[in-house]
Amino acid sequence: MEDKRYHSVRLDPEKCKGCTNCLKRCPTEAIRVRAGRAHIIDERCIDCGECIRVCEYHAKYAQTDPLATINRFKYKIALPAPSLYGQFKKLANASQILEGLLHMGFDDVFEVAAGADIVTRAIRERMRGMSTDEFPLISSACPAITRLIQVRFPELISHIVDVRQPMEVAAMVAKREFCQKRGVAESEVGCFFITPCAAKMTAIRNPIGQEKSAVDGAISMLEIYGLLAGHLKNYPSELTLSKATSYGVGWANNGGEAVAVCPENSMAVDGIENVIRVLEEIENNKLRDLVFFEGAACTGGCVGGPLTFENGYIARGSIRALMKNSDLRHPDEVVKASYLTKYALQTTKKITPNSAMKLDDDIVEAMRKMEQLESIVKSLPGYDCGSCGSPTCRTFAEDIVRGHATKMDCIHILKDQLKIMAQKMVELAKTTRE
Amino acid sequence: MREYSMVDHYPVSARDFATAGDASASIKRKLKQLGVDSAILRRIAVASYEVELNLMIHSVGGTLTMMMSPDEILLVSSDAGPGIPDIEKALQEGFSTADEEARNLGFGAGMGLPNMRRNADEFSIQSALGRGTEIRMRFRLQ
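Protein chains in written order, with our numbering: chain A, 62 to 495; chain B, 109 to 250.
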């Protein structure tokens with residue numbers, strides 16, 4: 062099931078107009094418009110979903126597993142992301158959502174917020190033995206940010222948290238506990254993450270910190286929203302299924318993880334462009350006192366995910382209200398120490414730099430190409446208009462050097478060239494008439 | 109004299125906080141595209157940023173130059189003044205002559221020169237009062 066080239070973010074060529082909206086917004090310059098439609102460069106795409114958000118024609122979409130895939134397994138467990146709780150207004154508590162999921166056909170539910178509680182404690186234990194030069198620790202909760210670091214900030218990879226993501230931990234614990242309780246084999250049980258974004262889907266099919274994900278599939282919040290909403294009305298508010306602490310639930314909002322893991326000297330930043338700016342500061346060693354950094358690709362955090370239904374700001378408020386009704390104790394008090402030893406919470410695979418931006422593997426050749434690139438940049442108009450199909454004049458120059466474009470793809474250069482030719486033809490016509 | 113096949117000059121204006129960090133950002137971007145090892149890149153990132161800000165905050169303006177060959181990178185910062193009165197003191201951690209404005213913006217921790225020296229494989233500084241300062245930092249790529 063693992064696929065190194067898998068990406069959840071896809072293009073529907075039928076709907077694509079070939080405009081420059083997504084082209085200009087991609088943080089890793091992974092989109093080109095060629096022959097009237099967008100193309101995604103797989104090696105560079107980090108599945109952040111920015112293009113899905115900005116495409117007016119809905120030509121960009123996130124591939125997720127259809128709800129029916131849960132039937133591949135005899136027993137199905139739902140793993141709701143904390144952000145799912147923010148999709149419904151005026152919920153008395155999260156238990157109603159969990160009850161709703163059970164009625165939708167799942168045999169069990171395990172809150173990813175409870176997974177976040179375990180991860181919170183595990184990260185805090187890890188941090189105890191760390192020396193100051195290992196700080197700031199960078200959260201791995203948003204897979205798009207981890208991939209962003211692989212592509213654009215490879216020198217910060219060693220700072221990324223090496224504890225598995227809440228979704229992974231939730232799947233491990235849920236599966237094992239269910240099998241013990243029911244006396245069934247793990248192979249008969251499927252764990253499905255209810256996802257707010259494309260990046261998590263990709264993280265399941267093409268995991269970053271481990272060989273294989275413990276999660277068996279991801280179902281879009283948008284797909285189950287209607288069905289789940291229909292179920293919610295029927296339940297009393299006295300349910301007590303939800304076990305996650307208010308801290309775990311808080312992971313849905315940007316800043317929730319930082320508050321839980323490291324309330325002092327931490328920073329939480331949302332929106333991928335803002336995250337890039339702060340990572341540059343970290344890269345420059347400007348944030349010397351920073352101990353923990355939480356970056357979310359989406360505005361507001363996971364509540365702002367491209368597959369959510371509710372407006373992210375409204376969802377943020379709903380999450381805050383729910384937090385008040387959850388267990389207010391810190392995960393350190395709630396999560397049993399035995400979880401830290403019973404489960405393999407550490408990541409097992411080293412995160413490696415993504416070299417998709419490299420001009421060449423050979424440095425001498427790369428330098429030669431860079432020289433060429435610089436001289437082409439000087440001859441371009443610098444409008445960054447995107448008409449050539451590359452996001453900026455500089456990336457256009459890069460594409461020429463890589464052999465993917467020619468200078469005449471620039472309409473401004475082409476126009477100038479045509480003017481000269483027209484001039485020549487006029488002159489030619491004059492001389493032949495005489 | 110070593111052959112540098114790539115030489116880039118970045119002018120840095122005095123007190124221009126709006127463009128602070130632009131030169132080192134361009135250098136970083138370039139070196140990433142060239143595939144420079146990430147551990148070395150981190151050191152160059154820190155050193156080039158520090159030296160650029162030093163030029164901006166303390167000098168009357170100057171130039172940051174990056175020279176590169178396949179086996180090393182040389183960063184040279186040169187300015188036309190005012191020069192450093194006591195280099196030994198300036199190299200001490202925590203010593204800073206940054207003014208209130210710079211300190212309010214989070215600079216002036218007195219770590220600039222020490223950080224440059226720590227991150228470069230070779231570091232040299234020459235300064236003459238009234239004439240200017242030249243800092244040279246060498247980074248080996250292999």
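Glycine included, every Cβ here is placed at the ideal spot set by N, Cα and C.
Keep in mind it's a predicted model, so treat the numbers as computed, not measured.
Practice problem: Taking B/M175 as the query, report the chain A residues whose CB atoms sit under 7 Å from its CB, ordered along the chain. | Solution: Translated into the one-based positions of the second sequence, residue 175 of chain B becomes position 67. Near B/M175 there are no residues of chain A at all, since even the closest Cβ is about 12 Å away, more than 7 Å.
Quiz item: Roughly how far, in whole angstroms, is the beta-carbon of A/N345 from the beta-carbon of B/Y118, given that I think they are within contact range, below 8 Å?
Solution: Counted from its first residue, the first sequence places residue 345 of chain A at position 284. Counted from its first residue, the second sequence places residue 118 of chain B at position 10. So it is not a contact: roughly 15 Å between Cβ atoms.
Practice problem: Output, in chain order, the set of chain A residues within a Cβ distance shorter than 7 Å of B/Y157. | Solution: Against the second sequence, residue 157 of chain B aligns to sequence position 49. Neighbours of B/Y157 on chain A, chain order: N345.
Practice problem: Taking A/V276 as the reference, give the member of A/L293, A/E334 and A/M233 with the closest Cα. | Solution: Start at 1 with the first residue of the first sequence, and residue 276 of chain A comes out as number 215. For A/V276, the nearest C-alpha among the options comes from A/M233.
Quiz item: How many angstroms separate the CA atom of A/I269 from the CA atom of A/Q407?
Solution: Residue 269 of chain A sits at position 208 when you count from the first residue of the first sequence. Residue 407 of chain A sits at position 346 when you count from the first residue of the first sequence. One C-alpha to the other measures close to 12 Å.
Practice problem: Could you tell me the boundaries of the alpha helix (DSSP H) in which A/C454 lies? | Solution: Here the question's residue 454 of chain A lines up with position 393 in the first sequence. First-last of the alpha helix (DSSP H) with A/C454: C454 to V462.
Quiz item: Does A/P197 come within less than 8 Å of chain B when only Cβ atoms are used?
Solution: Along the first sequence, read from residue 1 onward, the residue named residue 197 of chain A stands at position 136. No, A/P197 does not count as interfacial toward chain B.
Self-check item: Under 8 Å between C-beta atoms of A/I22 and A/V396
Solution: The shown model of chain A, from 62 to 495, leaves out residue 22 of chain A, and the question about it has no answer.
Exercise. Could you have a look at B/R246 and say whether DSSP puts it in helix, strand or coil?
Key: Within the second sequence, residue 246 of chain B is the residue found at index 138, counting from 1. When DSSP states are grouped into helix, strand and coil, B/R246 belongs to the strand group.
Quiz prompt | First and last residue of the uninterrupted alpha helix (DSSP H) at A/Q433 | solution = By one-based count along the first sequence, residue 433 of chain A stands at place 372. It spans I424 to S440 - the alpha helix (DSSP H) in which A/Q433 sits, taken as one unbroken run.
Quiz item: Any Cβ of chain B within less than 8 Å of the Cβ of A/P452?
Solution: Taking the first sequence and counting its residues from 1, the one referred to as residue 452 of chain A is at position 391. No, its Cβ sits nowhere closer than 8 Å to a Cβ of chain B.
Quiz prompt | Chain-order list of residues whose beta-carbon lies under 7 Å from that of A/E249 (same chain, five-residue window excluded) | solution = Taking the first residue of the first sequence as position 1, residue 249 of chain A is located at position 188. Taken in chain order, the residues that qualify are F134, K135 and Y136.
Quiz prompt | Minimum Cβ-Cβ distance from A/A427 to chain B less than 8 Å | solution = Reading the first sequence from its first residue, position 366 is the one you call residue 427 of chain A. Taking Cβ atoms only, chain B reaches closer than 8 Å to A/A427, which makes this a yes.
Quiz prompt | Inter-stretch contact (C-beta, 8 Å, three-pair minimum) for the segment 468-478 of chain A and the segment 115-126 of chain A | solution = no
Quiz item: Is there at least one Cβ from chain A nearer than 8 Å to B/K197's Cβ?
Solution: Here the question's residue 197 of chain B lines up with position 89 in the second sequence. Taking Cβ atoms only, chain A never reaches closer than 8 Å to B/K197, which makes this a no.
Quiz item: Quick one: is A/D169 buried, meaning 16 or more other Cβ sit within 10 Å of its Cβ, or exposed?
Solution: Reading the first sequence from its first residue, position 108 is the one you call residue 169 of chain A. The residue is buried, with at least 16 neighbouring Cβ atoms inside 10 Å.
Self-check item: Cα-Cα separation between A/V438 and A/A183, rounded to whole angstroms
Solution: By 1-based counting over the first sequence, the position of residue 438 of chain A is 377. By 1-based counting over the first sequence, the position of residue 183 of chain A is 122. Roughly 49 Å between the two C-alpha positions.
Quiz item: Nearest to A/G378 by CA position, among A/F149, A/I221 and A/P367, is which residue?
Solution: Stepping through the first sequence from its first residue, residue 378 of chain A is reached at position 317. Checking every option, the nearest Cα to that of A/G378 belongs to A/F149.
Practice problem: Go through its chain and collect everything with a Cβ distance to A/H473's Cβ below 6 Å, but skip five positions before and after it. | Solution: Here residue 473 of chain A is taken as the residue at index 412 of the first sequence, counted from 1. Hits under 6 Å: P442.
Quiz item: What does B/P178 touch in chain A if you count any residue whose Cβ is under 8 Å from its own?
Solution: Within the second sequence, residue 178 of chain B is the residue found at index 70, counting from 1. I424, V425 and M428, listed in chain order.
Self-check item: Sheet register partners of A/A357 (DSSP bridge)
Solution: The residue given as residue 357 of chain A occupies position 296 in the first sequence. Beta-bridge pairing links A/A357 to A/D331.
Practice problem: Measure the CB-CB distance between A/G110 and A/A259 and report whether it falls below 8 Å. | Solution: Here residue 110 of chain A refers to the residue found at position 49 when the first sequence is read from its first residue. Here residue 259 of chain A refers to the residue found at position 198 when the first sequence is read from its first residue. Contact flag set, yes.
Quiz item: Looking at the structure shown, is A/M262 part of a helix, part of a strand, or coil, going by DSSP?
Solution: As a position in the first sequence, residue 262 of chain A is number 201, starting the count at 1. Here DSSP, grouped into helix, strand and coil, assigns A/M262 to helix.
Quiz item: Along the segment 80-92 of chain A, what residues have a CB closer than 8 Å to any CB found in chain B?
Solution: none
Quiz item: Anyone know if the C-beta pair for B/V159 and B/L172 falls short of 8 Å?
Solution: Working through the second sequence from its first residue, we reach residue 159 of chain B at position 51. Working through the second sequence from its first residue, we reach residue 172 of chain B at position 64. For B/V159 and B/L172, yes; Cβs fall inside 8 Å.
Exercise. Can you tell me which of the three DSSP states B/E209 falls into?
Key: As a working mapping, residue 209 of chain B is identified with position 101 in the second sequence. In the three-state reduction of the DSSP assignment, B/E209 falls in the helix class, which pools H, G and I.
Quiz item: According to DSSP, is B/P222 helix, strand or coil?
Solution: Taking the first residue of the second sequence as position 1, residue 222 of chain B is located at position 114. Helix, per DSSP.
Quiz item: Any C-beta of chain A sitting closer than 8 Å to the C-beta of B/L163?
Solution: Within the second sequence, numbered from 1, the residue matching residue 163 of chain B stands at position 55. B/L163 does not count as touching chain A.
Practice problem: Rounded to whole angstroms, what's the CA-CA distance from A/G464 to B/Q141? Just pull it up for me. | Solution: For this step, residue 464 of chain A is matched to residue 403 along the first sequence. For this step, residue 141 of chain B is matched to residue 33 along the second sequence. Going from the Cα of A/G464 to the Cα of B/Q141 covers about 16 Å.
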